[in-house]
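These notes concern the structure reproduced below.
Number of protein chains: 2
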Amino acid sequence: MINTRYSSQLLEKAVMEINRLPGIGSKTALRLALHLLRQDEERVEALAESLVEMRRGVHYCQVCHNICDDERCEICSNPSRDASLVCVVENVQDVMAIENTMQYRGLYHVLGGVISPMDGIGPSDLQIESLVERVRQGGVEEVILALSPTMEGDTTNYYIYRKLEEIGVNQVPSASDRREERKVKVTVIARGIAQNDELQYTDEVTLGRALAGRVPFGG
Amino acid sequence: MINTRYSSQLLEKAVMEINRLPGIGSKTALRLALHLLRQDEERVEALAESLVEMRRGVHYCQVCHNICDDERCEICSNPSRDASLVCVVENVQDVMAIENTMQYRGLYHVLGGVISPMDGIGPSDLQIESLVERVRQGGVEEVILALSPTMEGDTTNYYIYRKLEEIGVNQVPSASDRREERKVKVTVIARGIAQNDELQYTDEVTLGRALAGRVPFGG
């Protein structure tokens, strides 16, 4: 539909705006615009308002950088969550995914991505410094790295590990006079074959890691 | 992502609204909402405004029911178009598709769908009466039926044909005293194999119609 001539400039403008959204081509944009034309005016206004209000009103948590409606997110301000655990994730969707497991009672730290030189994303573009500062301030006993199992994720994991090492965490005390030194465990979520995946179709890296990371049966 | 707990109610509301759009699931809705969160506030406002302005401002052409910004669409109000030709289509996208061929200089009549008892769409839900009235008023020499080649499209074609017959068009004059009677030709767009389609994979109905509708080579 290149060079499509729209019979209405208002329609054309709306299609153009919808078309800017990622993954929405011009045909889908037209389909959505025509769908909205068939809806009540109130419905379209509700959609439009929800977008603007979200953009204007949403905050990022000052502690973990998760999306929230206040200065601090519900998770960080929940006293029943375990503040000694910090799970480092790439984005807000990952927080939701982990929350949906109902298995985690600690806090989060949303990086905002992973280090990816190809995409021009360096450590300073991510919330790594604030993570280090958060750990430096104390109270954190374990940092759980839950980034994507990709080269970029691994690079970021390693970078964070090194940064935390620099501030003296994660070091095994070498002398008795260092026993009082603050120690923070850095862990990474298990990599292995996914539930219901078939072994024969699992790639060799995953299978290798699953073997290397085997745990006692029944444990 | 059923029962996902959103950390922001503003985000949740926006996702819910986006999720109402046809063909946009909850994961895509979340992805789009988070994309909008990363955009400038002006961009989100521009999108929201374009939707509301379109819904408020768009008219339907009083003649052909195409979408337009005024009482009458650009095509109907263009004096260089051939007003003796009326092409009957299902929807606005079909008008655009035919306009894109650059082969048609007549006018349109947008039905707003096809007769489909399964979906509860009867003739009175469509712009058929206004088409008949338009033909009755004179000036139309040919009505081109360009509906979808489906059972519903065929049914609608036949219904329109019968309705036009009722008002006396499309009748071959049977006596010399009826020579002056208004005649309107009713035609239907050719059905056959599509450009670049392979014959062996063409369904038998299409192939049968293509054979029956063969034309002199080079014509």
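If you read the protein sequences in the order shown, they are chains A and B. The opening position of the first sequence corresponds to residue 1 in the working numbering, with each subsequent residue numbered one higher. The opening position of the second sequence corresponds to residue 1 in the working numbering, with each subsequent residue numbered one higher. Glycine included, each C-beta is placed from N, C-alpha and C at the ideal position.
Cα separation between residue i and residue j?
i: A/Thr156; j: A/Val114; result: 6 angstroms
i: B/Pro149; j: B/Leu32; result: 35 angstroms
i: B/Glu152; j: B/Glu53; result: 34 angstroms
i: A/Leu21; j: B/Lys183; result: 50 angstroms
i: B/Ala221; j: B/Gly218; result: With chain B covering 1 to 219 only, the question about residue 221 of chain B has no answer from this structure.
i: A/Asp125; j: A/His109; result: 14 angstroms
i: A/Asp82; j: A/Gly106; result: 4 angstroms
i: A/Asp158; j: B/Ala29; result: For clarity, residue 158 of chain A is Tyr in the given sequence; the question names Asp instead. About 33 angstroms.
i: B/Pro123; j: B/Ser116; result: 9 angstroms
i: A/Asp197; j: A/Arg209; result: 15 angstroms
i: B/Gln137; j: B/Asp154; result: 25 angstroms
i: A/Gly213; j: A/Gly168; result: 27 angstroms
i: A/Leu37; j: B/Ala97; result: 19 angstroms
i: B/Arg43; j: A/Arg5; result: 24 angstroms
i: B/Tyr201; j: B/Gln39; result: 46 angstroms
i: B/Leu147; j: B/Gly139; result: 22 angstroms
i: A/Glu12; j: B/Ala194; result: 29 angstroms
i: B/Gly192; j: B/Leu207; result: 7 angstroms
i: B/Leu211; j: B/Asn100; result: 27 angstroms
i: B/Asp203; j: A/Glu204; result: 44 angstroms
i: B/Gly120; j: B/Gly23; result: 22 angstroms
i: A/Ala14; j: B/Gln93; result: 15 angstroms
i: B/Val118; j: B/Glu133; result: Note that residue 118 of chain B is Met in the sequence shown here, rather than Val. So the two alpha carbons sit approximately 27 angstroms from each other.
i: B/Met102; j: B/Val143; result: 19 angstroms
i: B/Leu199; j: B/Val215; result: 17 angstroms
Below 8 angstroms on the Cβ atoms is my guess for residue i versus residue j; work out the distance and round it to an integer in Å.
i: B/Glu141; j: B/Ser77; result: Actually they are not in contact, since the Cβ atoms of B/Glu141 and B/Ser77 sit about 20 angstroms apart, beyond 8 angstroms.
i: B/Gln62; j: B/Glu74; result: B/Gln62 to B/Glu74, Cβ: 13 angstroms. No contact.
i: B/Val95; j: B/Asn66; result: 5 angstroms
i: B/Ser26; j: A/Cys68; result: Their Cβ separation, rounded to whole angstroms, is 20 angstroms, which puts B/Ser26 and A/Cys68 out of contact at 8 angstroms.
i: A/Val188; j: A/Leu164; result: Wrong, their Cβ atoms sit about 13 angstroms apart, outside the cutoff.
Compare the Cα-Cα distances from residue i to each of the options and report the closest residue.
i: A/Tyr161; options: A/Pro149, A/Thr150, A/Gly139, A/Lys185; result: A/Lys185
i: B/Val88; options: B/Glu49, B/Gly208, B/Glu133, B/Cys64; result: B/Cys64
i: B/Gly45; options: A/Arg43, A/Glu41, A/Ser50, A/Arg136; result: One detail in the question is off: residue 45 of chain B reads as Glu in this sequence, not Gly. The shortest Cα separation from B/Glu45 among A/Arg43, A/Glu41, A/Ser50, A/Arg136 belongs to A/Ser50.
i: A/Gly112; options: B/His35, B/Gly106, B/Cys61, B/Asn66; result: B/His35
i: B/Leu10; options: A/Glu42, A/Arg55, A/Gly139; result: A/Arg55
i: B/Ile18; options: A/Val205, A/Ala146, A/Ala48; result: A/Ala48
i: A/Leu131; options: A/Met16, A/Glu166, A/Gln103; result: A/Glu166
i: A/Leu145; options: A/Tyr60, A/Met102, A/Asn91; result: A/Asn91
i: A/Val58; options: B/His59, B/Glu41, B/Gly57; result: B/Glu41
i: A/Tyr60; options: A/Glu12, A/Gln127, A/Val15, A/Pro216; result: A/Gln127
i: A/Ile104; options: A/Ile121, A/Met118, A/Asp119, A/Ser80; result: Strictly speaking, residue 104 of chain A in this sequence is Tyr, with Ile absent from that position. Looking at the Cα atoms, A/Ser80 is the closest of the given residues.
Does chain B have any CB closer than 8 angstroms to the CB of residue i?
i: A/Asp69; result: yes
i: A/Ser22; result: According to the sequence displayed, residue 22 of chain A carries Pro and not Ser. Yes, A/Pro22 lies at the interface with chain B (some Cβ there is under 8 angstroms from its Cβ).
i: A/Arg105; result: no
i: A/Ala48; result: yes
i: A/Gly57; result: yes
i: A/Ala146; result: no
i: A/Val215; result: no
i: A/Asn66; result: yes
i: A/Leu36; result: yes
i: A/Arg134; result: no
i: A/Leu111; result: no
i: A/Leu51; result: yes
i: A/Glu99; result: yes
Please check if any C-beta of chain A sits within less than 8 angstroms of the C-beta of residue i.
i: B/Ser26; result: no
i: B/Asn196; result: no
i: B/Thr54; result: Rather than Thr, the amino acid found at residue 54 of chain B in this sequence is Met. Taking Cβ atoms only, chain A reaches closer than 8 angstroms to B/Met54, which makes this a yes.
i: B/Ala33; result: yes
i: B/Lys163; result: no
i: B/Glu129; result: no
i: B/Leu30; result: yes
i: B/Val114; result: no
i: B/Glu45; result: yes
i: B/Arg5; result: yes
i: B/Glu41; result: yes
Closer than 7 angstroms to a non-hydrogen atom of the ligand FAD - does that hold for the CB of residue i?
i: A/Pro149; result: Inclusion of the ligand FAD in the displayed structure is not the case, the ligand content being empty and no account of it being possible.
(message) Any C-beta of chain A within less than 8 angstroms: which residues of the segment 72-94 of chain B qualify?
(response) Cys73, Glu74, Ile75, Asn91, Val92, Gln93
(request) Select from the segment 8-22 of chain A all residues with a C-beta closer than 8 angstroms to any C-beta belonging to chain B, and list them in chain order. (result) Ser8, Gln9, Leu10, Leu11, Lys13, Ala14, Met16, Glu17, Ile18, Arg20, Leu21, Pro22
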